[in-house]
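Single-structure report; data block below.
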Amino acid sequence: MPFVYILRCRDGSLYTGITTDVSRRVQQHQTGRASKYTRARLPVTLSWTRQVESWSQALKEEHRIKALRRDQKEALLHTQPEQDAVTR
């Protein structure tokens, strides 16, 4: 099952993405092999994850989160701390 995740970048910005393997994807981000956005803002840290039932649901959740204002994203990070998705 896929995960929606949020990374905090060096400049304090937040990056939202989806993956089926959180630890592999975070490693790709940390080594500059995942996206141009995070490559320019290294290092990144995993701040939040949520497992969802389907890829379709992951895309919808990613879109919903990306549409949030910054303060709403920060509130989301504080209401649900990072799940132990990295070890799954």
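Here the sequence shown stands for residues 0 to 87, where the numbers follow numbering that gives the first Met the number 0. Yeah, the Cβ is synthetic: ideal placement off N, Cα and C, and Gly gets one too.
Under 8 Å, do Arg9 and Arg32 count as touching if we go by C-beta distance? no
Using the rule of at least 16 other Cβ atoms within 10 Å of the residue's Cβ for burial, across every protein chain shown, is His62 buried or exposed? exposed
Once you ignore the five residues that flank Leu76 on each side, which residues in its own chain have a CB closer than 7 Å to its CB? Ile5, Ser46, Trp47
Bridge partner(s) assigned by DSSP for Tyr14: Leu6
Chain-order list of residues whose beta-carbon lies under 7 Å from that of Lys35 (same chain, five-residue window excluded): none
Would you list the one or two residues that DSSP bridges to Leu45? Leu6
Straight-line Cα distance separating Ser12 from Gln27: 18 Å
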